[in-house]
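Below is one structure, written out as structure tokens; comments come after it.
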Amino acid sequence: MKPFTYLSPTTIEEAISFFGEHSQTSKYMAGGTDIIVKVKEGWMEPDFLISLKNIEEMSALHKNEATGELSIGALVTHAVLEKSLMIQNQYPIIYDAVSNIGSLQVRNMGTIGGNLINAVPSADGAIPLIALDGVALLHGPDGERSSEVKDLFIAPYKTILKPGEILKKITIPPQAPNTGSAYMKFGRRAAMELPLIGIGVLLTLDDDLTTCNRARICLGVAAPTPMRALEAENFLIGKEINEEILIEAGNMAAEESKVRDSVRGKAWHRKEMIRVYVKRMGLKCLEIIKNGA
Amino acid sequence: MTTNISFLLNGDEITCDIQDHWTLLHLLREEMGLIGTKEGCGNGECGACTVIVDKLAVNSCLFLAIEADKKNIETIEGLASRDGSLHPLQQSFVENGGIQCGFCSPGMIMSSKALLDENPDADREEIKHALAGNICRCTGYIPIFESVEAAQKRVAENKGGQND
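Residue numbers (the working numbering), protein chains in the order written: chain A, 1 to 293; chain B, 1001 to 1164.
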């Protein structure tokens, strides 16, 4: 591995100033599970690695019980999310997604922020945060700004982050009552595998527990960046949710997707799995809502 | 750049100079001669290099040595007692065919230890979930899961004995 100098700032301001001193030759590092591989392979040759691990506020996971807002620091590891009872009980879609990223060893190091910023088309971590209308807070040399998580991605491996900018945290707005959410990573094996397709569904029902008033259908590996199937979502609004309606929504989502052939699978297979899993995840949402009501 | 770090390694306090770009795996194997921890893929895919850092199983091939500073590191070398008697997990892997060629075994056993330290009553599904990042090309995994379960039993029986 090419030698580098490791810098360990304790505040975001300090990290940004380190970056400013060596902007051409530095890289920020979160968990390191991707960046260390890239440096080892020679795909990336930074002279300075600026670790964000010692910036305490970036590792905070906190739900404000008064406002109902959830705040996930970008350096929160997948394992911390997976083990959190609050996440398991109140945000099952996040649990579904993070509990099958890589392996436990990777989840103990890898972070939700790193997963987003890598911006791979399959990012398991992005799908639930998009479904939950998550907002990313960015901090850079020019100050703070925010962006919806769904707008973070421009192309594979490319985000809207400017040089020197850091993803500080993701906030999730309060969830409406009668909301259920679920994610399925579909692949050939359970562990150490990128998904062939990732499907996240979130449904909010009216108090009658049958009529849909909000729907999110989010897909990974279905386009160059994580995407929402907006037509299918709109189709569900105002409808009485049952298996037939969910099958129709699944068909619409499959048509909206921009799936393609790759080494891991064929486009037609991905489309079929979108149909199947939009329905199944929709039914799982209904079950979650009924159990919670 | 050279940096001085201190950490606990299998209960012993260690202070040493390291290069910033060294992985923990490099420090253990190449600098300290602790070759129980194996390098398989070197990319965090196979789990052969698994060690425990502050109670968490991690791939030491991706974990920078500099981040071991002030941490508690456990490796396979720390499991057996100083008199040579094996840890219950090691004994169970030997007795239940959890080891064939042996290359994955240190990583398998360290992942299992991290699991049982946190959740001594882990069921088969939880064991599978915790070991999913450790690849074995010999056993077909079943004897490995059985070894972990046998170790759970052994520990539970020993505890029962102490209470009598």
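We treat Cβ as the ideally placed atom computed from N, Cα and C, and that holds for glycine.
Quantities reported herein were computed from a predicted structural model and do not represent experimental measurements.
So for residue i, helix, strand or coil by DSSP?
i	result
A:Val-278	helix
A:Phe-4	coil
A:Glu-57	helix
A:Phe-95	Note on residue identity: the sequence assigns Tyr, not Phe, to residue 95 of chain A. The answer is helix: DSSP assigns A:Tyr-95 an H, G or I state.
B:Glu-1095	helix
B:Ser-1081	coil
B:Asn-1163	Any reading at B:Asn-1163 must be qualified, since the residue scores a pLDDT of 49, below 50, and its modelled position is unreliable; the value itself is stated next. Helix at B:Asn-1163.
A:Lys-38	helix
A:Gly-140	strand
A:Leu-132	coil
A:Leu-271	Residue 271 of chain A is actually Lys in this sequence, not Leu. Of the three classes helix, strand and coil, the one that applies to A:Lys-271 here is helix, per DSSP.
A:Lys-63	strand
A:Lys-169	strand
A:Gly-220	strand
A:Ala-182	strand
A:Gln-105	helix
A:Phe-19	helix
A:Lys-158	strand
A:Glu-233	helix
B:Met-1110	helix
B:Asp-1123	coil
A:Ala-191	coil
B:Asn-1059	strand
A:Cys-285	helix
If I'm right that residue i touches residue j with Cβ under 8 Å, what's the distance once you round it to whole angstroms?
i	j	result
A:Gly-282	A:Leu-203	6 Å
A:Leu-52	A:Met-29	7 Å
A:Pro-46	A:Ser-26	6 Å
A:Tyr-91	A:Ile-127	So it is not a contact: roughly 13 Å between Cβ atoms.
A:Ile-36	B:Leu-1062	5 Å
A:Ala-222	A:Ser-181	Incorrect: roughly 18 Å between the Cβ atoms, too far for contact.
B:Ile-1005	B:Ile-1018	6 Å
A:Phe-186	A:Tyr-277	6 Å
B:Glu-1126	B:Asn-1119	6 Å
A:Lys-23	A:Gly-143	Per the sequence shown, residue 23 of chain A should be read as Ser rather than Lys. That pair is no contact at about 17 Å.
A:Leu-75	A:Met-86	Between A:Met-86 and A:Leu-75 the Cβ distance is about 18 Å, and since that is not below 8 Å, they are no contact.
How would you label residue i, buried or exposed, when you count the other beta carbons within 10 angstroms and need 16 or more for buried?
i	result
A:Tyr-157	exposed
B:Trp-1022	buried
A:Glu-233	buried
B:Asp-1164	Unreliable placement is indicated for B:Asp-1164, whose pLDDT of 46 sits below 50; no coordinate value is reported for it.
A:Met-192	buried
A:Arg-107	buried
A:Thr-179	buried
A:Leu-209	exposed
B:Cys-1101	exposed
A:Pro-174	exposed
B:Asn-1059	buried
A:Thr-33	buried
Please work out which residues of its chain come closer than 8 Å, Cβ to Cβ, to residue i, disregarding the five sequence neighbours upstream and downstream, and give them in chain order.
i	result
B:His-1026	Ala-1065
A:Thr-225	Ala-119, Pro-121, Phe-153, Ile-154, Ala-155 and Pro-156
A:Gly-125	His-78, Ala-97, Val-98, Ile-101, Ile-112, Asn-115 and Leu-116
A:Leu-104	Ala-79
Counting only Cβ pairs nearer than 9 Å, list the residues of chain B close to residue i.
i	result
A:Tyr-6	Met-1001, Thr-1003, Asp-1020, His-1021, Leu-1064, Ile-1066 and Glu-1067
A:Lys-40	Thr-1023, Gly-1042, Asn-1043, Cys-1061 and Leu-1062
Going by beta carbon distance, what residues of the same chain come within less than 6 Å of residue i, once the five residues before and after it are set aside?
i	result
B:Ala-1151	Pro-1088, Leu-1089 and Ser-1092
A:Ala-176	Thr-204
B:Ser-1147	Ser-1092, Phe-1093, Asn-1096 and Gly-1098
A:Lys-271	Ala-254 and Val-259
B:Met-1032	none
A:Met-44	Lys-38
A:Gly-265	Leu-196
A:Ala-215	Leu-203, Glu-233 and Leu-236
Using a cut-off of 7 Å between C-beta atoms, extract the partners of residue i located in chain B.
i	result
A:Asn-108	Leu-1056, Ala-1057 and Val-1058
A:Thr-33	Gly-1044 and Leu-1062
Using the beta-carbon of each residue, which ones in chain A are nearer than 7 Å to residue i?
i	result
B:Ala-1130	Leu-104
B:Thr-1050	Gln-105
Which residues in the same chain as residue i place their Cβ atom closer than 7 Å to its Cβ, once the five residues preceding and following it in sequence are excluded?
i	result
B:Ala-1057	Thr-1050, Met-1110, Ser-1111 and Ala-1114
A:Ile-12	Ile-55, His-139, Ile-166 and Lys-168
B:Ala-1048	Lys-1038, Glu-1039, Gly-1040, Phe-1103, Cys-1104 and Gly-1107
B:Asp-1117	Lys-1055
A:Tyr-6	Leu-49 and Ser-51
A:Ala-267	Val-259, Arg-260 and Asp-261
B:Ile-1076	Gly-1036, Thr-1037, Pro-1106, Ile-1109 and Met-1110
What does residue i touch in chain B if you count any residue whose Cβ is under 8 Å from its own?
i	result
A:Pro-3	Met-1001, Gln-1019, Asp-1020 and His-1021
A:Val-37	Asn-1043, Gly-1044 and Leu-1062
A:Lys-27	The premise fails here: A:Lys-27 is roughly 13 Å from chain B at the closest Cβ pair, so nothing lies under 8 Å.
Cβ closer than 8 Å: which chain A residues qualify as neighbours of residue i?
i	result
B:Gly-1133	Gly-102, Ser-103, Leu-104, Gln-105, Val-106, Ala-191 and Met-192
B:Gly-1047	Ser-103 and Gln-105
Give a single yes or no on whether residue i has its beta carbon closer than 8 Å to a heavy atom of the ligand ADP.
i	result
A:Asp-206	The ligand content of the structure shown is nil, which means the ligand ADP is not present either.
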